[in-house]
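A.B. asks: Quick one: the structure is below, questions incoming.
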Amino acid sequence: MLRREFLAVVTAAPAAAQTGPFRKLQEVPAAAPLRPDQDRGPLAGRRWRLRWMFDEEKRAASIADFCCPAPGLAVAALQIEGDFRSQPAVVVTRDGGESWRQVELRDNPVSLYALNGAHLWLVGSKSLWYSAENGLEWTKRNLPKSG
Numbered sequence: 002m003l004r005r006e007f008l009a010v011v012t013a014a015p016a017a018a019q020t021g022p023f024r025k026l027q028e029v030p031a032a033a034p035l036r037p038d039q040d041r042g043p044l045a046g047r048r049w050r051l052r053w054m055f056d057e058e059k060r061a062a063s064i065a066d067f068c069c070p071a072p073g074l075a076v077a078a079l080q081i082e083g084d085f086r087s088q089p090a091v092v093v094t095r096d097g098g099e100s101w102r103q104v105e106l107r108d109n110p111v112s113l114y115a116l117n118g119a120h121l122w123l124v125g126s127k128s129l130w131y132s133a134e135n136g137l138e139w140t141k142r143n144l145p146k147s148g
C-alpha cells in the first residue's frame, strides 16, 4: 500500500471522519492469547505482537519515514543515536511483520518513496539511494549537477 493510499484509508475510517461527540477509544490488550482459537470477543484479531524492538542501553532509534509498498512488505528508515554518534539504518519485513531485518545505511534518512513493491527510493541528507531488492540492498544514485 502506498503512502497516499494509506492516508486515504485512514482519513476515510469512520472514527477519523466522525464529526459529532467523540466516543472513548477502547483499549486493545498488548498480550496475545496462546492459540488463535482463544481469540474471541470484541477484540478478536486486534491484539499487538512485538516483532522487532531496538533495545540498546544509552541509544535510541527514531523513525524518519515508513512505507508499505506491497502486501507483506514494509520498510522503516531509522536514525539510531547515542554514544556521541549517529547510525542510519532501515528495517525491512517481507513476511507481513513476522520477522524484521536491519540494514545499515551510509546516509541519514529523510524520506522513503515506493514506486512499487520492489523498487524503493530513499532520500538521504546528502544523497539519493535506490533499492531494487525490497530495501535489503541500497545503491547510491548520482544527482544532476546544478547550474
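Using our numbering, you'd call the opening residue of the sequence shown number 2 and step up by one each time. We put the CB at the ideal spot given by N, CA and C, even for glycine. A quick note: this is a predicted structure, and the numbers were derived from the prediction, not measured.
1) Could you tell me the alpha carbon to alpha carbon distance between residue 69 and residue 105, rounded to whole angstroms?
2) Assuming residue 66 is part of the beta strand (DSSP E), what are its boundary residues?
3) In whole angstroms, give me the CA-to-CA distance for residue 78 and residue 114.
4) Secondary structure at residue 146, three-state DSSP: helix, strand or coil?
5) Using a 10 Å radius around the Cβ and a threshold of 16 neighbouring Cβ atoms, would you call residue 135 buried or exposed?
6) According to DSSP, is residue 57 helix, strand or coil?
7) One question on the structure: do residue 65 and residue 111 come within less than 8 Å of each other, judged by their Cβ atoms?
C.D. replies: Reading off the structure:
1) Along the sequence shown, one-based indexing puts residue 69 at 68. Along the sequence shown, one-based indexing puts residue 105 at 104. Cα to Cα, residue 69 sits roughly 19 Å from residue 105.
2) In the sequence shown, the residue the question calls residue 66 occupies position 65. From DSSP, the beta strand (DSSP E) with residue 66 extends over 60-71.
3) Here residue 78 is taken as the residue at index 77 of the sequence shown, counted from 1. Here residue 114 is taken as the residue at index 113 of the sequence shown, counted from 1. Whole-angstrom Cα-Cα distance: 11 Å.
4) As a working note, residue 146 is residue 145 in the sequence shown. Note: residue 146 maps to coil in three-state DSSP.
5) Counting from one through the sequence shown, the residue named residue 135 turns up at place 134. Residue 135 comes out buried.
6) Along the sequence shown, read from residue 1 onward, the residue named residue 57 stands at position 56. DSSP places residue 57 in coil when its eight states are reduced to three.
7) One-based indexing of the sequence shown puts residue 65 at position 64. One-based indexing of the sequence shown puts residue 111 at position 110. Taking 8 Å as the Cβ cut-off, residue 65 and residue 111 qualify as a contacting pair.
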